[in-house]
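> According to full-length UniProt numbering, the residues represented by the sequence shown are 1 to 418, in order.
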Amino acid sequence: MERNLEFLQHVQEAYSVLTGLTMVIIDLNGEEITNVSGFNSLSKLLYDTWPLKDNFKNSTTSLKSVWQPVFLDNRIGLKYIVSPIRVDGRIVYYLFSGFILEQSSRQFVQNYVNKNFSEVNGLFEALKLAPETTIQEKNEKMKNIRKFNQVVETHLTSLKENEHQSFTFQCMDEIRSGTLKTSEYVAKIYHKHCDLHFLGLAMQKDEAEYYLQLMHGDNTERLIGTTFSIGEGFVGQTIAAEKFQFWNEVENDPRINYFHRSQLYPKSLFCAPIFDNNKVIGSLFGGSFNDKLEEALIIKMEQYSSLLSMLFTMQSQKSNLQNHLMELSTFNEIFKVITNVKDVKRVLFILLDISMNIVRGPFCCVVFKPDISSSKVDIVSRGLSGAQINDYCHSVASDVFIHSNRVNRNQIVNGKTE
Numbered sequence: 001m002e003r004n005l006e007f008l009q010h011v012q013e014a015y016s017v018l019t020g021l022t023m024v025i026i027d028l029n030g031e032e033i034t035n036v037s038g039f040n041s042l043s044k045l046l047y048d049t050w051p052l053k054d055n056f057k058n059s060t061t062s063l064k065s066v067w068q069p070v071f072l073d074n075r076i077g078l079k080y081i082v083s084p085i086r087v088d089g090r091i092v093y094y095l096f097s098g099f100i101l102e103q104s105s106r107q108f109v110q111n112y113v114n115k116n117f118s119e120v121n122g123l124f125e126a127l128k129l130a131p132e133t134t135i136q137e138k139n140e141k142m143k144n145i146r147k148f149n150q151v152v153e154t155h156l157t158s159l160k161e162n163e164h165q166s167f168t169f170q171c172m173d174e175i176r177s178g179t180l181k182t183s184e185y186v187a188k189i190y191h192k193h194c195d196l197h198f199l200g201l202a203m204q205k206d207e208a209e210y211y212l213q214l215m216h217g218d219n220t221e222r223l224i225g226t227t228f229s230i231g232e233g234f235v236g237q238t239i240a241a242e243k244f245q246f247w248n249e250v251e252n253d254p255r256i257n258y259f260h261r262s263q264l265y266p267k268s269l270f271c272a273p274i275f276d277n278n279k280v281i282g283s284l285f286g287g288s289f290n291d292k293l294e295e296a297l298i299i300k301m302e303q304y305s306s307l308l309s310m311l312f313t314m315q316s317q318k319s320n321l322q323n324h325l326m327e328l329s330t331f332n333e334i335f336k337v338i339t340n341v342k343d344v345k346r347v348l349f350i351l352l353d354i355s356m357n358i359v360r361g362p363f364c365c366v367v368f369k370p371d372i373s374s375s376k377v378d379i380v381s382r383g384l385s386g387a388q389i390n391d392y393c394h395s396v397a398s399d400v401f402i403h404s405n406r407v408n409r410n411q412i413v414n415g416k417t418e
């Protein structure tokens, strides 16, 4: 941040000399982020008499519609330039440049000052020293201010893009190492983007219903735990469509009622489906209560949602891999035991245990013929009652042995269970 301000200060001082104007950059709260450059006797007197922050507060309503450098009049009739500085389409700073005494206006301004501001010591004398500016000179100053804007906006955009890339690479590295947690990731996204007034994560509850797992933003906690169906509202529609979507001016759209029920009134909204492999398991969504969503922010949110899908997929694959490794380890240990066991039934009971652990079912059974030349069928099982043993044995024997004419359907079944 310090290097960033140092760069802005240097550029401001250079353009102050070039234009002959007094310059300072302020944030949206009216706080000066650079030191004033190019003071002269008139601008210093005006600056000390009427603090810039007070002027800014009185001008904020009209400045909201200013998206390009414009000339404005100060209280004594001098011109100054207000130049919004934007990053990703959003105003982040204002450059104030002044003051300009227009050609042939000196007498008018002096008369006005004498009549209305005679109590300000030295103001009339400072006006006498101020040079008049022609229309051509005014246009040249405006041209240079626009160039200043381009330089500063390019620099700030580059810094923000580098910051975004650094954040993305850091998250990817944490996903790879398995240290990134979903709740922390969503919180980081929210706190990185002040133009997002709310950000939430909806996750699947069952096949047709989803619930709000995480919410960030003022007064949004009331949404946590609420549910909605696939296709319901903007978020449900995104899950059903399985594609990223965004909307501006949604305050009167009936699909926004899900938020209105919790006394939240978004004006813009994005929704991104979250995948685990190829299956939609949730949605990352957010928006603004006041402004439209800029394209640059939309692109970043789409990238963040892709990383979130990657996180869930990696977690799922890691869990599956651990299960497979456990199964392989179990098989390896069991096979070592099987080679040392001579009794067939004991081997079958070992296989039953493997099956129960892998399938995680309520029961398991093996139907077999102790003697291939005999029609007798036997069964070993776990989790079955005596009656169930006979039923299962007859059923399996019918499907496997009877159709191959190797067993008598009426043969008594010898059942054994654990």
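Cβ atoms here follow ideal geometry from the backbone N, Cα and C, with glycine treated the same way.
Can you tell which of Cys365, His197, Leu201 and Cys194 has its C-alpha closest to the C-alpha of Ser385?
Reading the sequence shown from its first residue, position 385 is the one you call residue 385. Nearest C-alpha to Ser385: Cys365.
> In chain order, what residues of the same chain lie with their CB nearer than 8 Å to the CB of Ile350, ignoring the 5 residues before and after it?
As a working mapping, residue 350 is identified with position 350 in the sequence shown. If we look at Ile350 and ignore the five residues flanking it on each side, its Cβ neighbours are Ile334, Val337, Ile338 and Val341.
> What is the DSSP secondary structure of Asp54, reduced to helix, strand or coil?
The residue labelled residue 54 in the question sits at position 54 within the sequence shown. Asp54: helix per DSSP, three-state reduction.
> Whole angstroms is fine: what's the gap from residue 428's alpha carbon to Asn74's?
This structure leaves residue 428 out entirely; the chain is present only between 1 and 418.
> Taking 8 Å as the threshold (C-beta atoms), are Ile175 and Leu311 in contact?
The residue given as residue 311 occupies position 311 in the sequence shown. The residue given as residue 175 occupies position 175 in the sequence shown. In contact: Leu311 and Ile175 (Cβ atoms closer than 8 Å).
> Is Asp291 helix, strand or coil by DSSP?
Walking along the sequence shown from the start, residue 291 turns up at place 291. In the structure shown, Asp291 sits in coil (DSSP, three-state: anything other than H, G, I, E or B).
> Taking all protein chains shown into account, do 16 or more other C-beta atoms lie within 10 angstroms of the C-beta of Pro131, making it buried, or fewer, making it exposed?
Taking the first residue of the sequence shown as 1, we reach residue 131 at position 131. When all chains shown are included, Pro131 counts as exposed.
> What are the uninterrupted segments assigned as beta strand (DSSP E) that are 3 or more residues long and contained completely in the segment 107-149, given in chain order?
Within the segment 107-149, no complete beta strand (DSSP E) run reaches 3 residues.
> I'd like to know if the segment 229-243 and the segment 196-211 are in contact, where contact means that at least 3 CB-CB pairs between them fall below 8 Å.
Output reads yes: the segment 196-211 touches the segment 229-243.
> Mapping the DSSP letters down to three states, classify Asn40 as helix, strand or coil.
Within the sequence shown, residue 40 is the residue found at index 40, counting from 1. The answer is coil: DSSP assigns Asn40 none of H, G, I, E or B.
> Quick one: Cα of Pro69 to Cα of Asn139, how far?
Taking the first residue of the sequence shown as position 1, residue 69 is located at position 69. Taking the first residue of the sequence shown as position 1, residue 139 is located at position 139. Going from the Cα of Pro69 to the Cα of Asn139 covers about 11 Å.
> Would you tell me roughly how many angstroms separate the C-alpha atoms of Val407 and Val400, rounded to the nearest one?
Here the question's residue 407 lines up with position 407 in the sequence shown. Here the question's residue 400 lines up with position 400 in the sequence shown. Because Val407 sits at a pLDDT of 47, beneath the cut-off of 50, its placement in the model cannot be relied upon, and the following sentence gives the value as read from the coordinates. Going by the C-alpha atoms only, they are around 9 Å apart.
> Let me check understanding here. Comparing Cα to Cα, which of Ile135, Glu102 and Met142 lies closest to Leu127?
For the purposes of this step, residue 127 is identified with residue 127 of the sequence shown, where counting begins at 1. Here the closest residue by C-alpha is Glu102.
> Kindly list the residues whose CB is nearer than 6 Å to the CB of Ile230, restricted to its own chain and excluding five residues on each side of it in sequence; keep chain order.
On the sequence shown, position 230 is the one that residue 230 refers to. Only Ala208, Gly236, Ile239 and Ala240 meet the Cβ criterion.
> Taking the alpha-carbon of Gln9 as reference, which of Leu123, Gln110 and His155 has the nearest alpha-carbon?
Here residue 9 corresponds to residue number 9 of the sequence shown, with the count starting at 1. Out of Leu123, Gln110 and His155, His155 has the C-alpha closest to the C-alpha of Gln9.
> To the nearest angstrom, how far is the alpha carbon of Val82 from that of Asn35?
In the sequence shown, the residue the question calls residue 82 occupies position 82. In the sequence shown, the residue the question calls residue 35 occupies position 35. Those two C-alpha atoms are separated by around 17 Å.
> Taking the C-alpha atoms as reference points, what is the distance between Leu45 and Ile76?
In the sequence shown, the residue the question calls residue 45 occupies position 45. In the sequence shown, the residue the question calls residue 76 occupies position 76. Cα to Cα, the separation comes out at about 12 Å.
> What does Ala272 pair with, by DSSP beta-bridge criteria?
Working through the sequence shown from its first residue, we reach residue 272 at position 272. Answer by DSSP bridge pairing, in chain order: Leu284.
> Using alpha carbons as the reference points, say which of Asn332, Ile358, Gln136 and Phe275 lies closest to Ser305.
By one-based count along the sequence shown, residue 305 stands at place 305. Minimum Cα distance to Ser305 is reached at Phe275.
> Could you tell me if Cys171 is buried or exposed, where buried requires 16 or more neighbouring beta carbons within 10 angstroms of its beta carbon?
Looking up residue 171 in the sequence shown gives position 171. When all chains shown are included, Cys171 counts as buried.
> Mapping DSSP to helix, strand and coil, what is Phe244?
Along the sequence shown, read from residue 1 onward, the residue named residue 244 stands at position 244. In the structure shown, Phe244 sits in coil (DSSP, three-state: anything other than H, G, I, E or B).
> Leaving out five residues before and five after Tyr47 in sequence, what residues of the same chain have Cβ atoms less than 6 Å from its Cβ?
The residue you call residue 47 lines up with position 47 of the sequence shown. Closer than 6 Å at the Cβ level, and outside the excluded window around Tyr47, lies no residue.
> At a cut of 8 Å, does the segment 11-29 reach the segment 144-153 through at least three beta carbon pairs?
These segments touch.
> In the DSSP assignment, what are the bridge partners of Gly98?
Here residue 98 is taken as the residue at index 98 of the sequence shown, counted from 1. DSSP, once it has assigned bridges, lists Thr22 and Tyr80 as partnering Gly98.
> Going residue by residue through the segment 188-251, where are the continuous alpha helix (DSSP H) segments of at least 4 residues, counting only ones entirely within it?
233-241, all fully within the segment 188-251.
> Nearest CA to the CA of Gly178: which residue from Leu212, Pro254, Gln315 and Ser97?
Mapped onto the sequence shown, residue 178 falls at position 178. If we check each option's Cα against that of Gly178, Gln315 comes out closest.
> Have a look at Ile354 and Thr330 and give me their C-alpha separation to the nearest angstrom.
Here residue 354 corresponds to residue number 354 of the sequence shown, with the count starting at 1. Here residue 330 corresponds to residue number 330 of the sequence shown, with the count starting at 1. If I take the Cα positions, the gap works out to 7 Å.
> Just confirm the distance between the C-beta atoms of Lys160 and Asp88, as a whole number of angstroms; I'd bet it's less than 8 Å.
What you label residue 160 is simply residue 160 of the sequence shown in a count that begins at 1. What you label residue 88 is simply residue 88 of the sequence shown in a count that begins at 1. With a Cβ gap of about 7 Å, Lys160 and Asp88 count as contacting.
> For Gln110 and Phe124, which I take to be in contact (beta-carbon distance under 8 Å), what is that distance rounded to the nearest angstrom?
In the sequence shown, the residue the question calls residue 110 occupies position 110. In the sequence shown, the residue the question calls residue 124 occupies position 124. Yes, Gln110 and Phe124 are in contact; Cβ-Cβ is about 6 Å, under 8 Å.
> Short of 8 Å in beta carbon distance, which residues of its chain neighbour Ile91, apart from the five on each side in sequence? Order them along the chain.
Translated into positions along the sequence shown, residue 91 becomes position 91. Cβ neighbours of Ile91 beyond the five flanking positions: Leu28, Trp67, Pro84 and Ile85.
> Per DSSP, Phe71 forms a beta bridge with which residues?
The sequence position of residue 71 within the sequence shown is 71, counting from 1. Phe71 pairs with Ile81.
> What does the alpha-carbon distance come out to for the pair Tyr94 and Phe7?
Here residue 94 corresponds to residue number 94 of the sequence shown, with the count starting at 1. Here residue 7 corresponds to residue number 7 of the sequence shown, with the count starting at 1. Cα-Cα distance, rounded: 16 Å.
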